[in-house]
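Residue numbers (this note's numbering): -9 to 541.
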């Protein structure tokens, strides 16, 4: 698919919008399972957008406005970036964000540092200054050098807008706002190398930086693309090793696990305050951060075995979360806390972020937890329940004879239509029942001792710690991580031709001691990661178009 660079020329009072049309054989935007074809276009996620703006303009530039929600397909938002339509409301949101950012960059407080020049007597209309700014910032926003035609058109836009508005900086802000709503910024658009078998050096740099840093290429990486270094295996390996050695690799790891563990769900997680008074949105934010800090500490700082996430007694902790975990915390900052030997709070499966997110507002749900464990860590697909299912027995938490969740679920299983799925989910979800709907530990429910026995892969267990050990030891868990990391990197589901490459990655992951940075390095050095995607059928091809809104 050929995508033509389309400069965005914004003028005051004109609302230039981005249009993205994706024909997915009638697929709706809210569908969560799709056969996503290889794509040359991936929309920036909200976190990537924020990271890119901060990297280019600095942390003082505030991003004010809302984003259209990122679409999750087959468990990953990264896959959704390749198969998403932008609504009219989404276009307006992008424009609002762009206007705000452009206004801040060019205001009196920031212009000297961020623009770096101003009109002079020899440059009365500011064309030379505008050109200098557009060339520098444009290559950062578009992740490639601008063509001479693009620079000329954008410079002309800035000077014409300045003449209309009577102010150089207002004209530059209008043009910058247009660049921020351009497909070249909002989408990662792959272009072929001369051989057409792989993407070009600029696309390589972009793929690499978004995978490992969750942001756009820095100047060093752009220079390596320009010099041709990324077109050699030695040069590519040097670049990959630099990115992984950087502190910014932590952000890339956090971005992957936020997507993989679906931790964005903590953003709007609500709980019944009468049942769980300790929970608040601030707690939810801290719980997500806790899990990501723990993962980053173990996998990056400690270079630990990925499987140990399921058995470690170490966890990031701060004063805010002390009451949730019943831990006395005197430190206000984050630190690594270790639960005592034999404590039921062991490993990732007992993190309150996962436990609370996969529960109902006022009660636990072994079924939701079981679905999450199988979909996230085992790469299984669990179908949604039939629309006519009667949940009355499960929802009646005050049933005088069915006092525990286990008892109510067992009664629910009398419906054979429900039993087939529940037999897959409940035997592992019930092992987490000693943790309530916000992840706080408990031993009894309605004065009855909670039974946390179950089975996983034909092995019996008793309690969350034992379940975590079974996950640690299961080859399916580590294989699922590799598959998910591959899908995250490529932004699509694998085709049959990709399976052998994923199998090699799994073998290397195992042979290398299950080190996550090594897995990401292997993906980043795999020629398949830079292969030019096969064209999708015309009915499924994404096309980018520009249009002016009317009215």
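Note that CB positions come from ideal geometry on N, CA and C, so glycine has one too.
Legend entry - Buried or exposed by the 16-neighbour rule on C-beta atoms within 10 Å, applied to residue 56: exposed
Inset, instruction - Give every residue of the same chain whose Cβ lies closer than 6 Å to the Cβ of residue 131, excluding the five residues on either side of it in the sequence, and list them in chain order. - result: 169, 175
Inset, instruction - State the DSSP-derived secondary structure class of residue 13, mapped to helix, strand or coil. - result: With a pLDDT of 25 at residue 13, under the threshold of 50, the predicted position of this residue should be treated as unreliable, and no value is reported.
Legend entry - Proximal residues to residue 129 (C-beta, below 8 Å), its chain only, five neighbours per side dropped: 135, 136, 212
Legend entry - Where residue 187 sits in the DSSP three-state scheme: coil
Legend entry - Residue environment, residue 325, which counts as buried when at least 16 other CB atoms sit within 10 Å: exposed
Legend entry - Buried/exposed call for residue 351, threshold 16 Cβ in 10 Å: exposed
Legend entry - Burial state of residue 204 (16 or more Cβ within 10 Å): buried
Inset, instruction - With a floor of 4 residues, list each alpha helix (DSSP H) that falls wholly inside the region 91 to 148, ordered by position along the chain. - result: 101 to 104, 117 to 132
Legend entry - Test item: CB-CB of residue 379 and residue 398 under 8 Å: no
Inset, instruction - May I have the straight-line CA-CA distance separating residue 395 from residue 306, to the nearest angstrom? - result: 30 Å
Legend entry - Bridge-paired residues (DSSP) for residue 295: 505
Inset, instruction - Starting from the C-beta of residue 26, find all residues in its chain whose C-beta is less than 7 Å away, skip the five residues before and the five after it, and write them out in chain order. - result: At residue 26 the pLDDT is 42, less than 50, meaning the model places this residue with poor confidence and gives no usable figure here.
Legend entry - Collapsed DSSP secondary structure at residue 418 in the structure displayed: helix
Inset, instruction - Could you spell out the range, first to last residue, of the beta strand (DSSP E) harbouring residue 236? - result: Note, residue 236: premise wrong, no beta strand (DSSP E); not H, not E.
Inset, instruction - Using DSSP bridges, identify the partner residues of residue 440. - result: Paired residues: none, contrary to the question.
Inset, instruction - Examine the Cβ distances between the region 311 to 324 and the region 271 to 278 and report whether three or more of them are shorter than 8 Å. - result: yes
Inset, instruction - Pick helix, strand or coil for residue 290, following the three-state DSSP scheme. - result: helix
Legend entry - Neighbourhood of residue 46 by C-beta, 6 Å cutoff - its chain only, sequence neighbours within 5 removed: 130
Inset, instruction - Would you check if the region 155 to 171 and the region 205 to 225 touch, i.e. whether three or more CB-CB distances between them fall below 8 Å? - result: no
Legend entry - Assumed close pair residue 66, residue 474 - CB separation to whole angstroms, cut-off 8 Å: 7 Å
Inset, instruction - Identify whether residue 489 lies in helix, strand or coil by the three-state DSSP scheme. - result: helix
Legend entry - Contact under 8 Å by Cβ, residue 250 with residue 372: no
Inset, instruction - Could you tell me which residues DSSP pairs with residue 329 in its beta bridges? - result: Answer by DSSP bridge pairing: none, since residue 329 is not bridged.
Legend entry - Coarse secondary structure for residue 522, derived from DSSP in three states: coil
Legend entry - Cβ pair count under 8 Å reaching 3, the region 251 to 258 against the region 327 to 336: no
Legend entry - Counted within 10 angstroms of its Cβ, other Cβ atoms place residue 94 as buried (16 or more) or exposed: buried
Inset, instruction - Might you give, ordered along the chain, the residues of its own chain that have their beta carbon closer than 6 Å to the beta carbon of residue 89, omitting 5 neighbours on each side? - result: 167
Legend entry - Sequence-distant residues of its chain with Cβ nearer than 8 Å to residue 320 (five each side left out): 309
Inset, instruction - Please state whether DSSP places residue 246 in a helix, a strand or coil. - result: helix
Legend entry - Reference residue 510, options 37, 521, 492, 522, closest by Cα: 492
Inset, instruction - Return helix, strand or coil for residue 451, following the three-state DSSP convention. - result: strand
Inset, instruction - Decide if the region 286 to 304 is in contact with the region 441 to 452; the criterion is three or more beta carbon pairs, one per stretch, under 8 Å apart. - result: no
Inset, instruction - State the beta-bridge partners of residue 445 as determined by DSSP. - result: 450
Inset, instruction - Give every residue of the same chain whose Cβ lies closer than 8 Å to the Cβ of residue 542, excluding the five residues on either side of it in the sequence, and list them in chain order. - result: No answer is possible for residue 542: it lies beyond the span of the chain, which begins at -9 and ends at 541.
Inset, instruction - Would you mind reading off the limits of the beta strand (DSSP E) that contains residue 177? - result: 177 to 179
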